[in-house]
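What follows is a short report on a single structure.
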Amino acid sequence: MSDEAKKNLLLFFDRPTEPCFMQKGDEKAVFQVPDHYYPDKYRALSSTLSNRFGTDDAKIIPVANIGLPDLSLPMQLPYNEQFSLFIQKHREMAGSLIDTFVGMRNVEDLTSLCTYCQLRINPYMFNYCLSVALLHRDDTKGLNMPTVVQTFPDKFMDPKVFRQAREVSNVQQVGNRMPVVIPSNLTASDAEPEQRVAYFREDIGINLHHWHWHLVYPFEADFAIVNKDRRGELFYYMHQQIIARYTVERFCNGLGHVRRYNNFRAPIEEAYFPKLDSQVASRAWPPRFAGTMLRDLDRPVDRIRIEVSEIERWRDRFIQAIEDNAIIVSGNRKMPLTEETGIDILGNLMESSILSRNRGYYGDLHNMGHVFCSYAHDPDHRHLEQYGVMGDSATAMRDPFFYRWHAYVDDIFNMHKIKLPKYGNDRLDFPGIRVSSISVQGPAGNNTFATQWEQSMVDLARGLDFTPRGSVLAKFTHLQHEEFTYVIEVNNTSGRAAMGTFRIFLAPVNDEKGQPLRFEDQRRLFIELDKFSQPLNAGNNTIRRNSVDSSVTIPYERTFMSQSSRPGQPGSAEAAEFDFCGCGWPHHMLIPKGTAKGYPMVLFVMVSNWNDDRVEQDTVGSCNDAASYCGIRDRKYPDKRAMGFPFDRPAQATTLSDFMRPNMAVRPCTVKFTDATRVRQQRRDTEASPRVRRCGCQENYTSADIDALIRKPYYYDPITRSSLV
Ligand code: CUO
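Numbering (the working numbering), first residue to last: 181 to 905.
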């Protein structure tokens, strides 16, 4: 099949809510749809429509007339409904559509079926299923699909942006258009204290990261696909770090700890009015008023019927299991929660993924927390309302309740962690390795991190269903920090070369009231900044490490990278590598905001023995450098220690200074925020960091490459089935 025919499939991502008999893409392509494919509402007009859009300068794409498969299941989702992977019924419908797409004989037949489906199937579901199918069919692997932010920008920004964009694109010539500005802090006024951390909750990069992470680690798919190394533990750790990071941001803004939501009968005091419009549902995303209660759900349309008491029962069973140090599995047998695997078992049970050892008994606690909250405004569907932002992993992190729910989930994990044996010297120390100091050098001076606002741009053009065409740039503002260098002095007294794992964390020292944090509370707020291995010569070593090389983050250029710079042929090793480059915490959010006065924090480094930490495996590719929250593609998690080590569990010490060993060092630091906005300068390729150059992902004012990871067969979607393997 020609490349041209394959590329035509990408036209379905262009203006996804406009019918495919209209002009698509820059070449004004028009699918010549067989008459009987037109839905009833268009059928009478079919010849007029094809004449109207098939103008002389249009590229006509003939569409084969094929025998159509049974689509009755996916057709059950109304065209204008929201589509959610949290809802079992939606997953089944999408699974069936993916199977159908994957089962088509060739690209020609698939194209034909797509024209039929595009005219009548829910656009979110259609696009999602087509993406998954294109990733997994041998004859379409490696096609460069647009990102979800490009196709459905409505999930990420204020609808006013689209109105302005329409104006701009109608009034101004392509190439000469003024960027549209996406306002910051648009969801509430200063009267709402929670608004002080809206820059974190509503950050586009953070929401992309979260959406991306859940695609990479699906909770439902073929067993072999879901069953990635330590994935339950990574679910725990990645979300634990989100809560720690969010808490630090709250402290910087005079807000207290995230209050865990542990009483499911208590009103949710935080309101959230998302101010997002769904293009597909043609209506605003529902808000949640202050004081909303979780209520029993009975929504036949979503096949959800569940009482609040059910999640209370599941919760009690979790707590019992942790008290017993064992979970109940089939046959009423007990499976111990050991130090090595207990957290992984609990993570899978909690989420719950299909790896859950007993879904029947421990249920679906975490997912249903999302679902209960997202339907609290219309629990029995009497107002025909759809789910709120908590129901979609692309939008959930916008809602303050997300953090209350996950703080509770994290507390349950912590109940297990506090029962584990505390680390002794044998696991903390690295005899012969002495770290005399760590410091930070940067433009703001030694041991000072500098932050401010930065304005960047994305291209919204694909998702805007209005004419005339062409790029429409949108400016958005996000937090940014000045890059810096860690300088670490290490003395290797062992008399021979050694290899160390450097673990760098940053933690607050005071709570929001300025009172010193107890070490046990501080321990849970250590945010990971970097982790790397490094040879150490006998004698003194000075290690310099740049912030841009963080193992937690991906560079800005990779969060917001251009697909047009994708290297290699589709399906080639280079292209696969490029795809993996998209996973990681957005680098612009590496350092918390701080305060104008300078927010006090403590920087911590530990050097552990790499021989004890390392995982024997060959490494692959050049983009496996954001492993802390994302793991490594197709490999084991590259660190044998518990995730979050050495702060993953309570210590014997009661203060940080008591906790210190000779192979560790701390440095008091401040994070100084300047309330000014700078405009991001597009870097030339030669100025890009080696990490950026390695993956060839130049910044090009296009949207984030968030769907990149689902391109690989081992990254299956929650709804993907074994037949797709
Ligand atoms: Cu990421 Cu609850 O797991 O949203």
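Glycine included, each C-beta is placed from N, C-alpha and C at the ideal position.
C-alpha distance - phenylalanine 431 paired with aspartate 701, whole-angstrom precision: 13 angstroms
Isoleucine 598 burial status per 10 Å Cβ neighbour count (16 or more: buried): exposed
Among Arg676, Val312, Arg703 and Val785, nearest to phenylalanine 712 - alpha-carbon criterion: Val785
Whether lysine 773 touches tyrosine 379 by CB criterion (9 angstroms): yes
Residue nearest to proline 447 in terms of C-alpha spacing, selected from Gly471, Trp765 and Asp215: Gly471
Residue interval of the beta strand (DSSP E) (run including glycine 680): 678-688
Assigned exposure category for proline 580 - 16 Cβ within 10 Å defines buried: buried
Where cysteine 849 sits in the DSSP three-state scheme: strand
Aspartate 524 in three-state terms, based on DSSP: helix
Status (buried if at least 16 other CB within 10 Å, exposed otherwise) for leucine 564: exposed
Cβ separation of isoleucine 707 and phenylalanine 685, assumed to be a contact under 8 angstroms, to the nearest whole Å: 6 angstroms
Extent of the continuous beta strand (DSSP E) run through glutamine 203: Taken as a continuous stretch (DSSP letters only), glutamine 203 belongs to no beta strand (DSSP E), as it is neither H nor E.
Reduced DSSP category for serine 573 - H, G, I as helix; E, B as strand; rest coil: coil
Cross-strand partners of histidine 661 (DSSP beta bridge): Thr631
For lysine 514, three-class secondary structure by DSSP: strand
Through-space distance from glutamine 861 to isoleucine 502, alpha-carbon basis: 51 angstroms
Own chain residues within Cβ distance below 6 angstroms of valine 589, not counting five before or after: His546
Classification of alanine 424 by the beta-carbon crowding that lies within 10 angstroms, buried from 16 upward: buried
Beta-carbon contacts of threonine 295 that lie in its chain and below 7 angstroms, excluding the five residues immediately before and after: Cys200, Phe211, Val213, Tyr217 and Val243
Neighbourhood of aspartate 645 by C-beta, 6 angstroms cutoff - its chain only, sequence neighbours within 5 removed: With a pLDDT of 46 at aspartate 645, under the threshold of 50, the modelled position of this residue cannot be trusted; read the value that follows with caution. Closer than 6 angstroms at Cβ, skipping near neighbours: Arg195, Thr197 and Glu198.
Stretch-stretch touch, CB-based, cutoff 8 angstroms, three pairs: the region 273-287 with the region 249-257: yes
For glutamine 621, the residue or residues it bridges with in DSSP: Thr665
Neighbour-count burial assignment, proline 450, 16 or more Cβ in a 10 Å radius: The sequence given here places glutamate at residue 450; proline does not occur at that position. It is buried - the Cβ of glutamate 450 has at least 16 other Cβ atoms within 10 Å.
Buried or exposed by the 16-neighbour rule on C-beta atoms within 10 Å, applied to glutamine 500: exposed
Any non-hydrogen atom of the ligand GTP within 8 angstroms of valine 589 CB: The ligand content of the structure shown is limited to the ligand CUO, which means the ligand GTP is not among them.
DSSP state of methionine 823 mapped onto helix, strand, coil: coil
DSSP bridge partner residues for phenylalanine 211 (one or two, in chain order): Ile241
Rounded straight-line distance, which links the Cα of arginine 539 to that of asparagine 717: 51 angstroms
Contact test: histidine 661 Cβ vs the ligand CUO heavy atom, cutoff 8 angstroms: no
Unbroken alpha helix (DSSP H) run spanning proline 580, endpoints: 580-597
Supposed contact pair proline 715 and alanine 654 - C-beta distance, whole angstroms, cut 8 angstroms: The Cβ separation is near 46 angstroms, so there is no contact.
The region 475-487 in contact with the region 626-640 per 3-pair CB rule at 8 angstroms: no
Rounded separation between valine 667 and alanine 687 - CA only: 18 angstroms
Euclidean distance between Cα positions of tryptophan 494 and glycine 527: 14 angstroms
Contact test: phenylalanine 582 Cβ vs the ligand CUO heavy atom, cutoff 8 angstroms: yes
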